[in-house]
Amino acid sequence: MLRAWSEKQSRSLIGKWFGYKSQDYRLLFIKASCEDGFVKLKYILEKNGYIESVDVDIPENSTIPSVVQVFPEGAQMQREIADTYPVRFVSKEEETDFEKEQNDFLLVEWGPFHPLLQEPVFFRFLAKDDVIKKAYTETGYNHRGVEVLCIGEKIPHALDMLERISSVNGFSVGLAFLLAVEKINHIIVPDKANYLRLVLNEMSFLRANLYSLSHITKCLGLLSDNSAIFKLISLFNEAASLISDDSQLKGILVPGGVKYDIENETLLQVNAILQDMVHELTSIRNRWNSTRFITERMSNIGKIDKSVARVMTGRAARSAGIAEDTRKLSSLPYHVLSYKIPVADESNCFTRTMLMFDDSLLSLSLIEQAIEIMPRGDVNAFSGLKHKGETIIREPEAFGELAICVGVDEGIVSNIKIRNSSSLNFSFLDNLMIGTDLNELPLLIASLDLDLSAMEK
Amino acid sequence: MLGKIIWFFAVILSVPVLYIAYNFIKSMMPGQSKTYILQPVYRLLKLFEKKDENAGFLAYFFSIGSCLFSLIALYMTVAGFNFLFVISVLSMMDLLVITGAFSSGDFSGKVSAKRGISRFIIWLFTSIVSAASIYQVAGTLKLNEISRLSESNGLIVNLPFTFVSLFIILLMKGNLMHFNFGISGNEQSLLGDALNSPYSGWSLAVIQLAQWTETGVWLKILSNFIPVAKPVSYGVVLFVFLAFLLLDGYISTVEWKKAARLSWGWAGGLAIINFIYLFYY
Amino acid sequence: MKWLNKIRIRSISVYIVQAGGCRDCALQFSMALSMNSEKKGITVTGNPKHADCLLVCGCINERSKEKIIEIYDKIPYPKAVIAVGACACSGSLFRRENSQLYAAEEVLPVNSWIRGCTPGQAEILEAIVRAMEMVKETD
Numbered sequence: 006m007l008r009a010w011s012e013k014q015s016r017s018l019i020g021k022w023f024g025y026k027s028q029d030y031r032l033l034f035i036k037a038s039c040e041d042g043f044v045k046l047k048y049i050l051e052k053n054g055y056i057e058s059v060d061v062d063i064p065e066n067s068t069i070p071s072v073v074q075v076f077p078e079g080a081q082m083q084r085e086i087a088d089t090y091p092v093r094f095v096s097k098e099e100e101t102d103f104e105k106e107q108n109d110f111l112l113v114e115w116g117p118f119h120p121l122l123q124e125p126v127f128f129r130f131l132a133k134d135d136v137i138k139k140a141y142t143e144t145g146y147n148h149r150g151v152e153v154l155c156i157g158e159k160i161p162h163a164l165d166m167l168e169r170i171s172s173v174n175g176f177s178v179g180l181a182f183l184l185a186v187e188k189i190n191h192i193i194v195p196d197k198a199n200y201l202r203l204v205l206n207e208m209s210f211l212r213a214n215l216y217s218l219s220h221i222t223k224c225l226g227l228l229s230d231n232s233a234i235f236k237l238i239s240l241f242n243e244a245a246s247l248i249s250d251d252s253q254l255k256g257i258l259v260p261g262g263v264k265y266d267i268e269n270e271t272l273l274q275v276n277a278i279l280q281d282m283v284h285e286l287t288s289i290r291n292r293w294n295s296t297r298f299i300t301e302r303m304s305n306i307g308k309i310d311k312s313v314a315r316v317m318t319g320r321a322a323r324s325a326g327i328a329e330d331t332r333k334l335s336s337l338p339y340h341v342l343s344y345k346i347p348v349a350d351e352s353n354c355f356t357r358t359m360l361m362f363d364d365s366l367l368s369l370s371l372i373e374q375a376i377e378i379m380p381r382g383d384v385n386a387f388s389g390l391k392h393k394g395e396t397i398i399r400e401p402e403a404f405g406e407l408a409i410c411v412g413v414d415e416g417i418v419s420n421i422k423i424r425n426s427s428s429l430n431f432s433f434l435d436n437l438m439i440g441t442d443l444n445e446l447p448l449l450i451a452s453l454d455l456d457l458s459a460m461e462k
Numbered sequence: 491m492l493g494k495i496i497w498f499f500a501v502i503l504s505v506p507v508l509y510i511a512y513n514f515i516k517s518m519m520p521g522q523s524k525t526y527i528l529q530p531v532y533r534l535l536k537l538f539e540k541k542d543e544n545a546g547f548l549a550y551f552f553s554i555g556s557c558l559f560s561l562i563a564l565y566m567t568v569a570g571f572n573f574l575f576v577i578s579v580l581s582m583m584d585l586l587v588i589t590g591a592f593s594s595g596d597f598s599g600k601v602s603a604k605r606g607i608s609r610f611i612i613w614l615f616t617s618i619v620s621a622a623s624i625y626q627v628a629g630t631l632k633l634n635e636i637s638r639l640s641e642s643n644g645l646i647v648n649l650p651f652t653f654v655s656l657f658i659i660l661l662m663k664g665n666l667m668h669f670n671f672g673i674s675g676n677e678q679s680l681l682g683d684a685l686n687s688p689y690s691g692w693s694l695a696v697i698q699l700a701q702w703t704e705t706g707v708w709l710k711i712l713s714n715f716i717p718v719a720k721p722v723s724y725g726v727v728l729f730v731f732l733a734f735l736l737l738d739g740y741i742s743t744v745e746w747k748k749a750a751r752l753s754w755g756w757a758g759g760l761a762i763i764n765f766i767y768l769f770y771y
Numbered sequence: 040m041k042w043l044n045k046i047r048i049r050s051i052s053v054y055i056v057q058a059g060g061c062r063d064c065a066l067q068f069s070m071a072l073s074m075n076s077e078k079k080g081i082t083v084t085g086n087p088k089h090a091d092c093l094l095v096c097g098c099i100n101e102r103s104k105e106k107i108i109e110i111y112d113k114i115p116y117p118k119a120v121i122a123v124g125a126c127a128c129s130g131s132l133f134r135r136e137n138s139q140l141y142a143a144e145e146v147l148p149v150n151s152w153i154r155g156c157t158p159g160q161a162e163i164l165e166a167i168v169r170a171m172e173m174v175k176e177t178d
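Listed below in structure tokens is the structure:
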């Protein structure tokens, strides 16, 4: 049986959240653990780099107010906790009774596996005249329990798992984890290793963006451009094969730097191959920009309000004019490179897609700049993992901001919590889909860059 | 009689050949699946081999029914029957396919049945208006007469828009360009071959045959308007259709309601313009 | 009827299931399809009723297991199941006691396994064709 919190307790918790919200704090992530019959929830909030937390202990099988009413970006994280721990979150909004409303609307089920879905996710819609009136999303088809599996593991083993968390953002997650480990153990990474990491990180962004674009072309039914993007992906694979056997760039990162040195000549070759993409990317971008059918069709779907975009991350936020620079958060030497974050005026499918092109071009420019000023020297300065501690690291990933909380005890992972960009953006998907035509759904989902494998872990 | 039989089989065979050519050219594009030259035929033969235990009686009923009607329509076309007879048999075929999709009971069946009806109304309207225009010019609706008259008198001079609107019906049937209703043909659509959703195994193969035959019927009807010898005119229409199939890869799909609007405008609109022009000027 | 057997493996529709993985196996497969490989005639379908072959990528969890079995039942005979990548073959790094993850063979009758993280592109296509050949022979 469920035990509910008293009215007073609930109000006090909501009051605390509102207090932080009014000071412009954002919900970074929610940590949860279960001990002695109690579920311990820790709401970690952030504002300009300052971290605050709200702790709540509730008995197992109780209900607690939903954080969504104050921080809507927490919906997916909360859903994940409700799936894992014996606790239920209640909000004032009533759940949709799909069975009851089936008479008035057409019940549409889509997923969890379909060639136009990048990852498994199951949708149920109530549609009228092909326009979605209500939507319900079911996730969890991707869950592997990576966070739990990492606990008690040695760093290299945990790194192996984290690099395989997602094919497009695995490198960034692995890198963020290592940066946290190095911070706790006071390891100073040599300059060259930092630059190499930067180049590899940007390459992983480029790869992710190219895959996103190939997906968009598929949704638009543009075979010719799909072929062009595939050519670019082959180019990327050719460049990546000069560095590693694996196009995901797994296995290069090690604590203290990178596993092996990459010669400057090789890097120049890599750069030469990658820069070939610039022309093709620009020409596709310009063509789309001047094709009325594409601009009209895409501009009308997936519109995100600026107030909502403010709490989102990545292209969803940047296309609404919020110049969120996630690279600034990084401890990699991004500050020495010159770049301008691409932004747009209104967040819709079209502007987000245009930003995919811009972001790819930006990554190419950053790779070129970093290779030009690549320092010489060692690439590894590993000095042992003896310290104990916990830290929160915020790093860029291809689709937005990645936050990771790592606890390490003498080379053993004691605690890890990952929150990728999709955990934030996914929370708004249900609302975004309302009013969209069924046909446009793949396009809307593709333009949001959801990386569910890193979200569900 | 022999001529008609030869034409009948020639049209049936020409459409797979068309798709073979299309597949072959498409497989040369990077990023697309590599296919054998005879891929569409292999697919058909494979489908006849498959056993589907879940398929009910209705799936076979609708598929065989629609295939039968399409074959009748084809025979009527090559034998030079009345244009309106052909249209009515094709309507029966389309209605069977739509009912089959709706009878599946799942969402994609229902949604595609709705789109199918919308497409059905547009092409039926266009055909009827076109028939009136053709009658006004040729004084007959018999296809063999029309063919003879186009060769000798160049009917197309008076029926340019009617010809275009009939060609657009062909594009609608093939789900091409901006006249794509998002049903069948495209394996990667959200509805995923929705029109065929109750069908699998050999009932799917029969439906596939029916659709090929239907395409053949329209190609043959259109070829009657080209003012050259019959085989040449059929070849010309085949070639133009292949060009549009390939061009489709360069043009983004549109939302189906917009496709319906565009189809009304281009197919229905042009047919009416031609009709008004013929009657009042 | 040897010629008929040959024809059957020249058109293979594949239904891909990405069950709880990093999805690189599926990306590798889509790259493999577009490469200049000798293996031809393999296409992707979104409708299990039109498929001949089920490609399972990633570790299968409780939730995806049910859906995968549902899809498998919809595929008409003769059909083949192929486990792609270390995760689907054995659970890879993620499989432990009580982790509630399944290897593909515990859920479905697997015809062919492609090991490796990430498996090679040519191997995936080769395995699909071989598996279909085998299925036809035993059917």
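Residue numbers (this note's numbering), protein chains in the order written: chain A, 6 to 462; chain P, 491 to 771; chain E, 40 to 178. We put the beta carbon where it would ideally sit given N, CA and C, even for glycine.
Applying the 10 Å Cβ sphere with the 16-neighbour rule, what's the burial state of residue i?
i	result
Thr222 of chain A	buried
His284 of chain A	exposed
Arg62 of chain E	buried
Lys516 of chain P	buried
Phe774 of chain P	No information on residue 774 of chain P is available, as it lies outside the stretch 491 to 771 that chain P covers here.
Cys98 of chain E	buried
Asn206 of chain A	buried
Arg202 of chain A	buried
Asn718 of chain P	In the sequence under discussion, the amino acid at residue 718 of chain P is Val, which differs from the Asn named in the question. Answer is exposed; the Cβ neighbour count stays below 16.
Ile48 of chain E	buried
Met491 of chain P	exposed
Return the chain-ordered list of same chain residues with a C-beta closer than 6 Å to the C-beta of residue i, the five sequence neighbours on each side being excluded.
i	result
Arg424 of chain A	Phe34 and Ala408
Lys52 of chain A	Asp29 and Tyr30
Ile636 of chain P	Ala628 and Asn714
Glu57 of chain A	Leu50
For residue i, which residues from the same chain have a beta carbon less than 8 Å from its beta carbon, with the 5 sequence-adjacent residues on both sides left out?
i	result
Lys88 of chain E	Lys113, Ile114 and Pro115
Met667 of chain P	Leu661, Phe734, Leu737, Asp738 and Ile741
Quick one: does residue i have its CB under 9 Å from some CB of chain P?
i	result
Lys113 of chain E	yes
Arg179 of chain E	One cannot answer for residue 179 of chain E here, as it falls past the ends of chain E, which runs 40 to 178.
Val113 of chain A	yes
Pro148 of chain E	no
Gly97 of chain E	no
Pro442 of chain A	The residue you asked about is not Pro; residue 442 of chain A is Asp in the sequence shown. Asp442 of chain A counts as touching chain P.
Can you find a C-beta in chain A that's less than 9 Å from the C-beta of residue i?
i	result
Asn670 of chain P	yes
Asp63 of chain E	yes
Met662 of chain P	no
Phe597 of chain P	yes
Trp42 of chain E	no
Gly80 of chain E	no
Does the beta carbon of residue i sit closer than 9 Å to a beta carbon anywhere in chain E?
i	result
Tyr689 of chain P	yes
Asn544 of chain P	yes
Ser517 of chain P	yes
Arg84 of chain A	no
*Do three or more CB pairs link the segment 182-196 of chain A to the segment 363-375 of chain A at distances below 8 Å?*
Flag = no, the segment 182-196 of chain A and the segment 363-375 of chain A do not touch.
*Would you call the segment 254-264 of chain A and the segment 171-186 of chain A touching, i.e. three or more CB-CB distances under 8 Å?*
Contact between the segment 254-264 of chain A and the segment 171-186 of chain A is present, because at least three Cβ pairs lie under 8 Å.
*asked:* Check whether the segment 271-284 of chain A and the segment 303-322 of chain A are in contact - that is, three or more C-beta pairs closer than 8 Å.
replied: Counting Cβ pairs under 8 Å, fewer than three are found: no touch.
_Interfacial residues, the segment 284-302 of chain A to chain P, with Cβ spacing under 8 Å_ = Residues passing the 8 Å Cβ filter: Thr296, Phe298, Ile299 and Arg302.
*Quick one: any contact between the segment 294-312 of chain A and the segment 740-755 of chain P, if contact means 3 or more CB pairs under 8 Å?*
The segment 294-312 of chain A is in contact with the segment 740-755 of chain P.
_Inter-stretch contact at 8 Å, needing at least 3 Cβ pairs: the segment 195-214 of chain A / the segment 387-395 of chain A_ = With the cut-off at 8 Å, the segment 195-214 of chain A and the segment 387-395 of chain A do not touch.
*the segment 414-422 of chain A / the segment 147-160 of chain A touching (three or more Cβ pairs under 8 Å)*: Taking 8 Å as the limit for Cβ pairs, the verdict is that the segment 147-160 of chain A does touch the segment 414-422 of chain A.
*Anything in the segment 526-544 of chain P with a Cβ closer than 9 Å to a Cβ of chain E? List those residues in chain order, please.*
Closer than 9 Å at the C-beta level to chain E, one finds these residues of the segment 526-544 of chain P: Tyr526, Leu528, Gln529, Pro530, Val531, Tyr532, Arg533, Leu534, Leu535, Lys536, Leu537, Glu539, Lys540, Lys541, Asp542, Glu543 and Asn544.
*Between the segment 615-634 of chain P and the segment 645-658 of chain P, are three or more C-beta pairs nearer than 8 Å?*
Contact holds: three or more Cβ-Cβ distances are below 8 Å.
*Do three or more CB pairs link the segment 134-147 of chain E to the segment 155-165 of chain A at distances below 8 Å?*
No, they do not touch.
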